[in-house]
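Structure first, then comments.
2 protein chains.
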Amino acid sequence: MTRSKVSPDGRIPDRDVAAKLVIIMVGLPARGKSYITKKIQRYLSWQQHNTRIFNVGNRRRIAAGVLSPSSHISHSHLANGHPDAPLQQVASILLNGSRGVQIEEPTRLDLNSSNGPEGDERMDQSAKFFDPKNETASKLREQVALDTLDELIDYLINGNGSVGILDATNSTLHRRQLLVDRVKEREPRLGILFIESICNDNDLLEANMRLKLSGPDYKNKNPSKSLEDFKARVAAYQSAYEPIGEYEEKHDLQYIQIIDVGRKIVHHRLRGFLASGIASYLTTFNLSPRQIWITRHGQSFDNVAGKLGGDSDLTERGHYYGMALYNFITSKRKEWVVEQETKIASASFPPQPGDHTPPYPEFNQDLEEKNFCVWTSMLKRSTDTAEYFEADDDYDVKAWEMLNELNAGTFEGMTYEEIAMTHPDEYRKRQLDKLQYIYPGLGGEGYLQVINRLRDMVREIERVSDHVLIISHRSVCRVLMAYFMDLTREDIADLDVPLGMLFAIHPKPYGIEFHAYRYNEMDGWFDEVRDYKPQKTQDRNN
Amino acid sequence: MTRSKVSPDGRIPDRDVAAKLVIIMVGLPARGKSYITKKIQRYLSWQQHNTRIFNVGNRRRIAAGVLSPSSHISHSHLANGHPDAPLQQVASILLNGSRGVQIEEPTRLDLNSSNGPEGDERMDQSAKFFDPKNETASKLREQVALDTLDELIDYLINGNGSVGILDATNSTLHRRQLLVDRVKEREPRLGILFIESICNDNDLLEANMRLKLSGPDYKNKNPSKSLEDFKARVAAYQSAYEPIGEYEEKHDLQYIQIIDVGRKIVHHRLRGFLASGIASYLTTFNLSPRQIWITRHGQSFDNVAGKLGGDSDLTERGHYYGMALYNFITSKRKEWVVEQETKIASASFPPQPGDHTPPYPEFNQDLEEKNFCVWTSMLKRSTDTAEYFEADDDYDVKAWEMLNELNAGTFEGMTYEEIAMTHPDEYRKRQLDKLQYIYPGLGGEGYLQVINRLRDMVREIERVSDHVLIISHRSVCRVLMAYFMDLTREDIADLDVPLGMLFAIHPKPYGIEFHAYRYNEMDGWFDEVRDYKPQKTQDRNN
């Protein structure tokens, strides 16, 4: 976290054009471009850089009269970091199984299916449309790409954008030159970064395509026929495909190449902290099936007294929470192995409707021996909640400084009532803007500082292929949840995370699957909260 | 920074064989392998991972009877992180201009020179020795490589090593297979990471070779003839060179490829936090000529009172220090541009003895427009020392949380005398082990925590190509200096960094050039301390 005269909140690209970035995606369909695009968008937004995805395919469909402009807008509203959507609405879109996160490719796939009821009116988007020899269509596609790029540049120059991502195949040198020239012409100081996704591994490619067929739009389609059509379309692109390489290197263009879902990664000429940050974030990807659990510590004496911060012990109820957590997680861990094995055993091709088999066979090895990490903060109420895990050699328990609670500076150990009484100005300042508020005094932090120090934690969670349980504190859980659930800036500091809530995140190749559980103190167990939606806290202080 | 049951100090690879790493360097001579090797060793040692370089060339020379074993030992003593060398001795080796850091290649180069007085007795190391068709020599070289690897593995398995770096060309697939097989045979859990340095750019290559000719061993040699001999030797290697690629990818081997000094970087199958950490450190390289300045803030009221930590204001003398610092740095900044331009203008080929021209022409552009960053902590005594820079638009001033002084926890605001009186046990604990000691209380830190939080700072300093002035605090300056000067673990916490000392670091392709200045309060200026050596502080408290 840095503050400076030009940027008191550390968000430099908001103001400095030279720090803004145009990201141009490159790659054939079914190479995971949209997955990568969305991850980058979510990560950068979470790091407080305004980031938006501009999808050429959607614009093309509008130009060709297939998609109505309004459906375009509602789509881009979702994909673009939904700046104005209220918490509940966004979360419901995001959490609604795979529907909410599979946006681009399924829609496009559907358009090419000649089996669907809408087959006829979409003929102009079929494989012929993508034939590089079809000159009229080719001109139209070029114009649409440039229009979309213009929209992106407007967002950076005239809007409040820091990063714009042009999501399209951009698979020819000619097209990429055209895009670079347009950016340079409109604002030469803008940074340009190509991100190309390549898939050489046939198993991976088959798995990627298969994943598309198991998407919600294919419930009633013939998977074999759909796959055939999809492959024909990919072949049309492939005939003209020119991967990034010599030309870009000769012209000192920045690029990142991701080969076979991160097995191999190439960085070329990366400049500036945004490009470097994206590069190091992209190196952490892994698609291992696993669970990420997030909860707060058990009840502490300071919780009972309503005091901020501090380092007090767990109450007896707090210790019981630790025990229940250990029992529940241990049971869920065993359940998970059985579920995964059943899925693998019942996998078939063509996939059955709703078949969500983990698609990458190499990640299905060693399911039983998968490590389980329990990460706490350095504070007693957190480490003590992990005491039962600590006693079991099947868990790796580790305490991290960066998981510590937000430091309340000189207000550590006070209650909110005391602060309101003794420092009414500070109290009011915080009420007005919890996200930007920084506690006074040495070491005092705000949410932006916590977001910053958790950047490495998020990278570490993304990097390891083990299960992870994080036992931390209110503000840290809020910030981590904001990352995984793509919460808007405004909602982070108000997310309701009471003691006893336990969240489970299952990363999937198409996004995340999410579950919430509430501690049942009577039973020493957890009850699942069905259709859980993130809520605003009711207590203005917390 | 993490603590856990298996690793209370966060140094996991000390104990866990599976986290230990064998790094195998790959690349033709004059590709910067030794430069990279030494940077990695310095960075990892600074991050408290025991790291040692094992140089095959030195062992080969001993085997061939050219180098005496004792000279080998004294070399490896320097290159290997000198675990036992006292502060003064190490520093004097390190700081002795380019002599101290140019170790491997010049020695080897010298051996091949047929001009030197020792030409005859070294004939067996001439270009013929490196001819792949010379079978006896080839067998000998193979044996030497395996012996060196065994020594490395011993260091990891039986010694206290975390990372061993095998520094050699390892330019054939056969050789690399042999090495991998030997590691697997001796300890299959050890990680293996290949790091290959490739140079496609002829300007760079010429500059690299030229740099060797300007080394201390060539003062009295004919540079044109030396270069010719050197090129012949490189050609011998080149005829059999097989770059890393398909084979390694098919066998899922981890590798990092660095092309043209980091212009392009390839990561393949990186696993584990050490490999990831090395990869992200290696992406920050740049060879721009520039200056890095390090100093503490001006005198504060708490300095006068002898109180720890806090956030007090500068005294009047402290404000004057800020003014003198601004005047001196501004003058030095102008001087630097003139020096660089003179060097470039007087460069010639073949280079004259002592010709240290910045070797990479592309980095010599925009010398005058080079940015100058002034980075402070978030504390008043640090930001206020930068007040004159803040007022000048030719400086970019930025305040960083991670440059804050070591947090003394509950002892903030106390004097050492008070601590000794009220908490004699804590006082004694710290006296016994300042490096490991962690101040009690919320947010209390120790040196290991400061090292950890400065990791990103070091990467940022290495990444930017601008000049940087860091105005920080005692512990932070110690830890930064430890990185740049490769201080041993034991010496970090005792390094003498009084108020008013100003250090200048010029990164060079062969290492660093170092200058120290002392504030002259009478003149409002700084005097250079000639032959400055890092010293232990005389005050046991500080």
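Line order of the protein sequences matches chains A and B.
Numbering-wise, the first sequence is residues 1 to 542 according to our numbering.
Numbering-wise, the second sequence is residues 1 to 542 according to our numbering.
Yeah, the Cβ is synthetic: ideal placement off N, Cα and C, and Gly gets one too.
Fair warning: this is a prediction, and the values are worked out from it, not measured in the lab.
Any chain A beta carbon closer than 8 Å to residue i
i                : result
isoleucine 265/B : yes
threonine 415/B  : no
glycine 245/B    : no
asparagine 303/B : no
asparagine 202/B : no
arginine 463/B   : yes
glutamate 401/B  : yes
glutamate 412/B  : yes
glutamate 426/B  : no
alanine 19/B     : no
glutamate 316/B  : no
Assigned secondary structure, residue i (DSSP; H/G/I helix, E/B strand, else coil)
i                : result
valine 529/A     : coil
isoleucine 256/A : strand
glycine 322/A    : helix
proline 243/A    : coil
glycine 277/A    : helix
arginine 99/A    : Residue confidence for arginine 99/A is low, a pLDDT of 29 falling below 50, so the modelled location carries little weight and cannot support an answer.
glycine 524/B    : coil
serine 114/B     : Low confidence applies here, because serine 114/B scores a pLDDT of 31, under 50, leaving its location unreliable; read the following figure in that light. Three-state result, serine 114/B: coil.
lysine 225/B     : helix
leucine 287/A    : coil
Segment limits, alpha helix (DSSP H) that includes residue i
i                : result
asparagine 303/B : 301-305
serine 382/A     : 380-385
asparagine 134/B : Taken as a continuous stretch (DSSP letters only), asparagine 134/B belongs to no alpha helix (DSSP H), as it is neither H nor E.
isoleucine 294/B : Element bounds for isoleucine 294/B: not the alpha helix (DSSP H) but the beta strand (DSSP E), 292-296.
valine 261/A     : First-last for valine 261/A: undefined, no H or E at that position.
valine 450/B     : 447-453
leucine 480/B    : 474-485
lysine 38/A      : 33-46
Endpoints, beta strand (DSSP E) assigned at residue i
i                   : result
isoleucine 438/A    : Premise fails: isoleucine 438/A is in no beta strand (DSSP E) and is neither H nor E.
phenylalanine 54/B  : 51-55
phenylalanine 372/B : 372-376
aspartate 491/A     : Note, aspartate 491/A: premise wrong, no beta strand (DSSP E); alpha helix (DSSP H) at 489-492.
leucine 21/B        : 21-26
glutamine 414/A     : Note that residue 414/A is methionine in the sequence shown, not glutamine. Looking at the DSSP string, methionine 414/A is not in any beta strand (DSSP E), and its letter there is neither H nor E.
lysine 508/B        : 501-508
lysine 398/A        : 396-400
CA nearest to the CA of residue i, picked from the options
i                : options                                   : result
lysine 38/B      : Gly164/B, Leu21/B, Ala63/B and Tyr155/B   : Gly164/B
alanine 137/A    : Phe194/A, Ala63/A, Leu205/A and His174/A  : Ala63/A
glycine 32/A     : Ser475/A, Ala420/A and Ile259/A           : Ile259/A
threonine 172/B  : Asp229/B, Glu187/B, Leu205/B and Ile244/B : Ile244/B
asparagine 208/A : Val261/A, Lys221/A, Leu367/A and Lys184/A : Val261/A
arginine 489/A   : Leu21/A, Gln48/A and Val26/A              : Gln48/A
valine 338/A     : Glu368/A, Asp252/A and Ile329/A           : Glu368/A
leucine 499/B    : Arg296/B, Ala240/B and Glu206/B           : Arg296/B
tyrosine 320/A   : Gly57/A, Ala19/A and Phe526/A             : Phe526/A
arginine 530/B   : Glu513/B, Asp523/B and Gly524/B           : Glu513/B
Chain B contact for residue i (CB, 8 Å cutoff)
i               : result
glutamine 449/A : yes
aspartate 154/A : no
threonine 342/A : no
aspartate 394/A : no
aspartate 311/A : yes
alanine 279/A   : yes
histidine 268/A : yes
glutamate 142/A : no
threonine 295/A : no
glutamate 387/A : no
Next on the checklist: Which complete beta strand (DSSP E) runs does the segment 140-210 of chain B hold, if anything under 3 residues is left out?
Outcome noted: Within the segment 140-210 of chain B, the complete beta strand (DSSP E) segments of 3 residues or longer fall at 163-167 and 191-198, listed in chain order.
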